[in-house]
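Structure first, then comments.
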Amino acid sequence: MRTTVSFFQKQKDNQIPITMVTAYDATLGRLAEQAGVQTLLVGDSLGMVVQGHENTIPVTLDAMIYHTQMVVRGTRKAFVIADMPFMTYNISSDQALANAGRLIQETGCQAVKLEGGERIAATLERLVENGIPVLAHIGLTPQSVHRYGGWRVQGKTPAEVQQLLADALAVQAAGAFAVVLELIPAELAAYLTQQLTIPSIGIGAGAGCSGQVQVMHDILGLLEDFTPRHARRYASLAQQAVSAISTYRHEVETGVFPAEQHSTPASEDLAQYLYGQQAKP
Ligand code: KIV
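Here's what the structure looks like:
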């Protein structure tokens, strides 16, 4: 039985922090689930950490469907949320509903995530009315990277604070079950969390949120040369992977691998036959 959407509110009401991590395929989903994580985000961050793009803008709906299917297939208990990519919900609420419907129906995920506050509240409401749980995302919204001119902390002026409060309240009123607060000052995230009845999930927003989300590749140290300020590396898997692959290469080059136990010996009859073939002139 999978975790359901009510988990989020229960955790907030019981003041138990929510742990969320991104996953992009069956293996990562399974590992997160084995570690006891109950909520997984198939983030469009996959555009950067899996597909090698500079930002999330090139990610398509088909790519999100493909990766979300894998995560759902690899897990049994987790609540799986899929990101709606750039321009798949911005044109009209009809477009958003059709695309969110595809994500839910074709992947088996339980919710979608949309970037934006007041601006997308009516669209968000339409999805919720049609039975689709929505996680909202405000603060630094990576699909607007070109408007910001980079990955910049948001909510640094009183006007931005007022806008973020209006955004948070608008997505709550529209029916979001929780809201991601990305890259805003810790005190502001704590303030917004107090103003909301729904849980907040922070990333680079301090400890005053109802939960935290991190990109899997950041916490596992899978990207050798990059750890954002808001992440902590709990492992250095890139280093370990390079060292393992280099040992493999060395063993192939020096004939150490494969050893006898890495292949199947021929039956006696087949061995005799092959021996006969080799003996032929
Ligand atoms: O795409 C993503 O992984 C995200 C999280 C970082 C919140 O949006």
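Numbers -2 to 278, taken from this note's numbering, label the letters of the sequence shown in order. Quick reminder that beta carbons are idealized off the backbone N, C-alpha and C, glycines included.
Residue i CB to nearest heavy atom of the ligand KIV below 8 angstroms
i: E103; result: no
i: G40; result: yes
i: E257; result: no
i: D22; result: no
i: H64; result: no
i: E51; result: no
i: I200; result: yes
i: K74; result: no
i: D80; result: yes
i: P139; result: yes
i: E157; result: no
i: T16; result: no
i: K7; result: no
i: K153; result: no
i: V142; result: no
i: V131; result: no
i: T19; result: yes
i: V68; result: no
i: V177; result: yes
i: V134; result: The displayed chain sequence assigns His, not Val, to residue 134. Correct: H134 has its Cβ closer than 8 angstroms to the ligand KIV.
Residue from the options whose Cα sits closest to the Cα of residue i
i: T104; options: D80, L178, A118; result: D80
i: S197; options: L162, P225, Q31; result: L162
i: A235; options: E248, P225, R226, L217; result: L217
i: V131; options: V212, P255, I54, F5; result: F5
i: Y63; options: L43, A32, K74; result: L43
i: A228; options: D215, V249, Q160; result: D215
i: T1; options: N52, A75, G40; result: A75
i: I195; options: A175, M84, L25; result: A175
i: K153; options: L137, H143, A204; result: L137
i: Q209; options: L37, I242, M(-2), S89; result: L37
i: Q237; options: I78, L219, N87; result: L219
i: S141; options: E112, P155, G199, I117; result: E112
i: Q107; options: Q92, D91, C206, V125; result: V125
i: H143; options: T16, I54, R226; result: I54
i: M17; options: Q92, C206, Q159; result: C206
i: I129; options: E248, A268, A173, E179; result: A173
Exposed unless 16 or more other CB atoms sit within 10 angstroms - verdict on residue i
i: G146; result: exposed
i: R246; result: exposed
i: D222; result: exposed
i: N127; result: exposed
i: R149; result: exposed
i: V34; result: buried
i: D266; result: exposed
i: E257; result: exposed
i: L271; result: exposed
i: T190; result: buried
i: M84; result: exposed
i: Q274; result: exposed
i: Q151; result: buried
i: T244; result: exposed
i: T72; result: buried
i: D41; result: buried
The ligand ADP heavy atom lying under 8 angstroms from the CB of residue i
i: V212; result: Among the ligands present in this structure, namely the ligand KIV, the ligand ADP is not found.
Contact with chain D by residue i, beta-carbon distance below 9 angstroms
i: R144; result: Here there is only one protein chain, and chain D is not present.
inquiry  = So, does the segment 181 to 188 touch the segment 7 to 14, judging by three or more C-beta pairs under 8 angstroms?
reply    = Because the criterion of three Cβ pairs below 8 angstroms is not met, the segment 181 to 188 and the segment 7 to 14 do not touch.
task = Give a yes or no on contact between the segment 91 to 108 and the segment 48 to 56, applying the rule of three or more CB pairs nearer than 8 angstroms.
result = With a cut-off of 8 angstroms, the segment 48 to 56 and the segment 91 to 108 do not count as touching, because too few Cβ pairs lie within range.
query = Touching or not, the segment 109 to 121 and the segment 167 to 174, by the rule of three or more beta carbon pairs under 8 angstroms?
reply = Yes: the two stretches touch, three or more of their Cβ pairs being nearer than 8 angstroms.
ask   = Counting Cβ pairs closer than 8 angstroms, one from the segment 65 to 79 and one from the segment 16 to 24, do we hit at least three?
value = In short, these stretches touch, since the Cβ pair count reaches three.
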